[in-house]
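Protein chains in written order, with this note's numbering: chain A, -15 to 95; chain B, 61 to 172; chain C, -6 to 142. Even glycine gets a Cβ: it sits at the ideal position worked out from N, Cα and C. A quick note: this is a predicted structure, and the numbers were derived from the prediction, not measured.
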Amino acid sequence: MSEALPLFFIILGITFDLFGCIGLLRLPDVYNRLQASTKCVTLGTCSILFGVCIKFGLSAAGIKSILCIVFLLLTSPVAAHALARGAHLHGIKLWEKSVCNKYEEDRNALS
Amino acid sequence: MKFMRWLLGFIFLAGLIVYIFSFLEASAPTKLMLYLLICFLLSMFRIFRGPTAADRSVATDILGILVVGFCAILAVYTKKDWYIDIAIAWALQSFIGTLALAKFLEGRNFDE
Amino acid sequence: MLLSFSFEWQHLSVGLLVALVVALSMGDMFTDKAHKWFELKRYAWFIVYMFVFAWECLKANFDVACRVLNPRLPINPGIVKVKTILKTETALTFLANFITLTPGTFSVDVDQEKGYLYIHWIDVKTQDIEEASRIIVSKFERILKEVFE
């Protein structure tokens, strides 16, 4: 039991990482890629670290991995937000089949 | 045409996974690390191929997070604690690097 | 001390002393309303928030996995505008984090004075501001309002 549970979490995490990377390849523009890869890869890596924490138990390494989970959950959405904003201000267009773009309309109305 | 491309990619990836899982002569941790190496390869492909600079920055960010998971798996199977330290340090470094890239994309100076 | 995992009484006492001195001298600079930190109800709501967060995160991952593996790629992306009632900076940061990790949505920019959020949505159902706010943010706004305001 104590062997199987960490292995289950690690395999789950690796599967989600793989899905995120396939999304990085298949989706058509920067914002969609950012969506898929940020969500899947963050949760996958957190799941791997949780498996590591169960494996090491209550020791220095376990607590460090929990710290790492909290750190990743806080920083990765912020990084994604900064990247999306930077890409938009850089002037990268959305995919041509996109439905609406309220942000660009508002920025054009302001300036 | 699009469906053919999807089918080709699906067959390739599924074949690779089944091959690693059942036919390769290796221990279990090596197999897990090989799966993560496939993820590295996919995001490296996006770094080489990406049409714009923003695509490359996104792929670099994702690569940084994947390295953290890789260090965690190494820490389990070599039974050395200090790999987790490397993971924490790498997460910090990658976050700051991504912020710098985003500022650069935005077209501002770094000293703001 | 958690990092090196050594519980000796010398380390504990020195740590407590330093933390006390720092808290007494610098505490006024960072927190403006100290009484917020002593209400137990906020912590209870924060635990509820953590559970909702984990569940939504898991749902988001299965959603994205289904979209990515589907051969026809069923996406319908666009950037919509959403109104929020939260005012504090901390609450807005947590709301943006929450939106980024929930199914199909992803925050692009925040307008703090008027309370608007610009959100990239992978499957746009409506372009109206009120309707989109009702679908995306209203679930989480209640919890975050209890925690941070």
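Counting C-beta atoms within 10 angstroms of its own C-beta, C:Lys74 has 16 or more neighbours from the protein chains shown and is therefore classed as buried. Using a CB distance below 7 Å, the part of the stretch 53 to 65 of chain C facing chain B consists of Pro64, ordered along the chain.
Within 9 Å of the CB of B:Ala74, no CB atom of chain A is found; the nearest one sits about 11 Å away. As the crow flies, the alpha-carbon of B:Phe70 is around 15 Å from that of A:Thr(-1). Collapsing the DSSP output to three states places C:Gly8 in a helix.
Straight across, the Cα-Cα distance linking C:Leu94 with C:Ala12 is about 34 Å.
Bridge partners of C:Asn54 according to DSSP: none are assigned. A Cβ-Cβ separation of about 5 Å places A:Ser21 in contact with B:Ile122 under the 8 Å criterion. Rounded to the nearest whole angstrom, the CA to CA distance from C:Asn63 to B:Met64 is 13 Å.
Chain B has a Cβ within less than 8 Å of the Cβ of A:Lys39.
Neighbourhood of A:Val36 in chain B, by CB distance below 7 Å: Ala132, Ala135 and Val136, in chain order. Under a criterion of Cβ atoms nearer than 9 Å, no residue of chain B is adjacent to A:Leu11; the nearest Cβ is some 10 Å distant. Going by DSSP, C:Leu110 is part of no alpha helix (DSSP H) but of the beta strand (DSSP E) stretching over Tyr109 to Trp114. Linking B:Ala132 to A:Cys24 through their CA atoms gives a straight-line distance of about 17 Å. Going by C-alpha positions, B:Lys163 is about 21 Å away from B:Arg106. In the DSSP assignment, C:Lys74 forms a beta bridge with C:Tyr111.
Under the three-state reduction of DSSP output, A:Ser31 falls in the helix class.
If you draw a straight line from the Cα of A:Pro12 to the Cα of B:Pro111, it comes to about 11 Å. Checking the DSSP bridge columns, you'll see B:Asp115 has no partner listed.
For C:Thr93, at least one C-beta of chain A is nearer than 8 Å to its own C-beta. For A:Phe40, same chain residues with a beta-carbon under 8 Å away, outside a window of 5 residues either side, are Gly46 and Ser49 in chain order. At least 8 Å separates the beta-carbon of C:Val57 from that of A:Gly(-3). Scanning chain B for C-beta atoms nearer than 8 Å to the C-beta of A:Leu51 yields Ile148, reported in chain order. The three-state reading of DSSP puts C:Asn69 in strand, counting E and B together. DSSP places C:Phe99 in the uninterrupted beta strand (DSSP E) bounded by Thr98 to Asp104. With a beta-carbon spacing of about 5 Å, C:His113 and C:Phe99 fall inside the 8 Å limit used to define contacts. Counting along the chain, C:Thr86 sits inside the alpha helix (DSSP H) bounded by residues Glu82 to Thr93.
Contact between A:Phe3 and C:Val61 holds, since their C-beta atoms are separated by about 6 Å, short of 8 Å.
Contacts between B:Val78 and chain A, judged by CB atoms closer than 7 Å, are missing: the closest CB pair is about 14 Å apart.
DSSP places B:Glu166 in the helix class (H, G or I) of the three-state scheme.
When 9 Å is used as the limit between beta carbons, C:Ala89 is near these residues of chain A: Pro61, Val62 and His65, in chain order.
By the C-beta criterion, the stretch 113 to 120 of chain B is judged not to be in contact with the stretch 136 to 145 of chain B, since fewer than 3 inter-stretch pairs fall below 8 Å.
Boundaries of the alpha helix (DSSP H) harbouring A:Gly7: Ala(-12) to Arg10, taken from the DSSP string. Assigned with DSSP and collapsed to three states, C:Asn63 falls in coil, not helix or strand.
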